Every structure is written in structure tokens, then in C-alpha cells.
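Visitor: My questions all concern the structure below.
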């Protein structure tokens with residue numbers, strides 16, 4: 021989470037600052053677990069305070085430690101609350117509430133009641149990959165399905181085949197509302213550039229086929 025990337029989104033940069041501003045190793049570990057990390061890799065010694073969690077492996081000063089109670093990568097929040105107007109996200113307080121409370125951004129946030137499913141009967145990950153995922157769900161009432169992956173333009177959610185608006189959760193992650201009767205949620209990365217490129221490719225292929233067909237017509241008449 022704190023790797024020095026050559027390119028970062030604004031959200032990733034904000035998350036990095038939250039980690040650097042943490043009060044100490046325990047708070048950083050809790051933040052990492054809230055973001056879905058199950059282990060942390062860090063150097064110890066030379067002024068760095070040793071972690072208190074279970075040690076998995078050590079290579080010189082670099083230690084891999086297990087984080088207790090990591091947040092599930094994909095889950096339905098017991099409570100989802102719309103962010104208040106002017107609230108700065110992401111924030112340490114909001115992240116540390118996951119997975120019990122998910123704060124999400126909504127266009128109709130003012131006066132909106134929290135999403136609290138009366139029962140979460142199913143949230144099973146069927147497929148998970150870099151460019152798409154599928155989850156089978158069953159809830160009583162209304163809730164918010166949260167995916168602890170970056171919300172980025174181009175991601176599209178479909179519930180039982182019908183496109184549904186996505187929300188940014190905790191200022192970083194992806195979310196989509198689910199309700200009674202929903203059975204399958206799919207998310208796919210379909211940026212506009214990909215669709216435009218596909219249209220151009222198909223159009224070019226169609227023009228080439230027409231050109232070749234026209235070129236073959238004189239040959240057929242001579243035969």
C-alpha cells in the first residue's frame with residue numbers, strides 16, 4: 021500500500037498520506053487490515069518499531085507479519101451511510117469502520133436513510149479477476165455490496181444483467197446497491213476507449229470486406 025509507484029491516482033496518494041500520518045505501527049496495521057490486506061511487509065530495526073502481530077517470515081531486517089481480522093475483499097455492509105456534504109474522503113476514521121459501516125458517496129446524500137439489510141443470506145464470489153468479477157447475493161431489504169478495489173472511470177456494474185449505478189465507498193473503493201430479489205452482481209472494466217477502439221476495428225473490417233468483395237466482382241463476370 022505504501023510502495024513508491026511511478027504513477028498514482030489521487031486516491032492512492034491520499035491513502036498513502038493517511039498511512040504516513042498514522043500515530044504508529046498499530047494504527048498502520050489496522051488501516052491495512054481495513055483496506056483488505058491480510059499481511060504486511062516492513063523493515064524492522066534502525067528506529068522502526070517492531071510489529072506486534074504474528075510473524076510469518078523474516079529475511080534480514082525485512083519481516084512479513086499476519087494482520088488480525090482483515091476486512092473481506094468483497095462483502096455486503098451491515099450498514100451503509102451516505103457521506104455528508106463536504107466530508108473529506110478517504111479518512112482514517114471512515115476506513116477503520118469497515119466492514120461494519122461503509123460510507124459511500126451518493127448524489128442524493130442529503131436526508132438519505134442508511135442502507136441496513138434486515139438479513140444478509142448470501143455473498144459468494146463466483147469469479148474474481150483484474151478486469152471483472154461476479155458475485156451471487158441474497159439480501160432481505162437494501163444493502164451495499166462493497167469491493168475493496170479502486171473505483172476508477174470505466175468500471176460498470178450490472179445486477180442480473182441490468183446496469184446499475186456504482187458508488188465510491190470510503191473515498192477509494194467500489195460499491196453497488198443490492199436489494200430484495202437481486203441474485204447476481206457483475207462488475208467489468210469497460211472504458212470508453214476500449215468500446216471506441218472496438219467500433220473502429222469492426223468498422224475497418226467491414227470496409228475491407230466490402231472492398232475485397234467489390235474487387236472480386238470483375239473476376240466473377242469474366243469467368
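In our numbering, the protein residues as written are 21 to 243.
All residues carry an ideal CB built from backbone N, CA and C; glycine is no exception.
Predicted model only: the values in this text are computed from it and were never measured.
1. Is the separation between the beta-carbon of residue 142 and that of residue 160 shorter than 8 Å?
2. Look at the alpha carbon of residue 34 and the alpha carbon of residue 40, and state the distance between them as a whole number of angstroms.
3. Roughly how many angstroms lie between the CA atoms of residue 246 and residue 165, to the nearest whole one?
4. Confirm, please, whether the CB-CB distance from residue 124 to residue 189 is below 8 Å.
5. Name the residue from 62, 97, 90 whose alpha carbon lies nearest to the alpha carbon of residue 84.
6. With 16 other CB atoms within 10 Å as the buried threshold, where does residue 96 fall?
7. Three or more C-beta pairs closer than 8 Å, one from the segment 103-111 and one from the segment 162-176: is that the case here?
8. Quick check on the DSSP output: the beta strand (DSSP E) that includes residue 63 runs from which residue to which?
9. At which residue ranges does the segment 27-107 contain complete alpha helix (DSSP H) runs of 4 or more residues, listed in the order of the chain?
10. Taking the C-alpha atoms as reference points, what is the distance between residue 168 and residue 150?
11. Helix, strand or coil for residue 163, going by three-state DSSP, please let me know.
12. Consult DSSP for residue 113 and reduce its assignment to one of helix, strand or coil.
13. Measure from the alpha carbon of residue 99 to the alpha carbon of each residue in 72, 170, 78, 163, then state which is nearest.
14. Here's the rule I'm using: 16 or more other beta-carbon atoms within 10 Å means buried, otherwise exposed. How should residue 82 be labelled?
15. Work out the CA separation of residue 80 and residue 65 for me, nearest whole Å.
16. When DSSP labels each residue in this structure, what does residue 135 get in the three-state scheme?
17. Opposite residue 197 in the DSSP bridges: which residues?
18. What's the C-alpha gap between residue 128 and residue 135?
19. Do you know whose CA, among 209, 199, 194, 211, lies nearest residue 93's CA?
Guide: To lay it out plainly:
1. Going by beta carbons, residue 142 and residue 160 fall outside the 8 Å limit.
2. Near 10 Å, if we compare the C-alpha coordinates of residue 40 and residue 34.
3. Outside the displayed range of the chain (21 to 243) lies residue 246, so it cannot be described from this structure.
4. Yes, Cβ-Cβ distance for residue 189 and residue 124 is below 8 Å.
5. Scanning 62, 97, 90 for the CA closest to the CA of residue 84 turns up 62.
6. That one is buried.
7. These segments do not touch.
8. In the DSSP annotation of this structure, the continuous segment of the beta strand (DSSP E) that includes residue 63 starts and ends at 59-63.
9. If we require 4 residues or more, the alpha helix (DSSP H) runs fully inside the segment 27-107 come out as 30-40, 45-54.
10. When rounded, the distance between both Cα atoms is 12 Å.
11. Strand, per DSSP.
12. It is helical.
13. Taking the Cα of residue 99 as reference, the smallest distance to any Cα among 72, 170, 78, 163 is reached at 163.
14. Answer is exposed; the Cβ neighbour count stays below 16.
15. Rounded to whole angstroms, residue 65 to residue 80 spans 10 Å at the Cα level.
16. Here residue 135 sits in strand by DSSP.
17. Residue pairing by DSSP puts residue 197 in a beta bridge opposite 164.
18. Their Cα atoms are separated by approximately 13 Å.
19. Out of 209, 199, 194, 211, 194 has the C-alpha closest to the C-alpha of residue 93.
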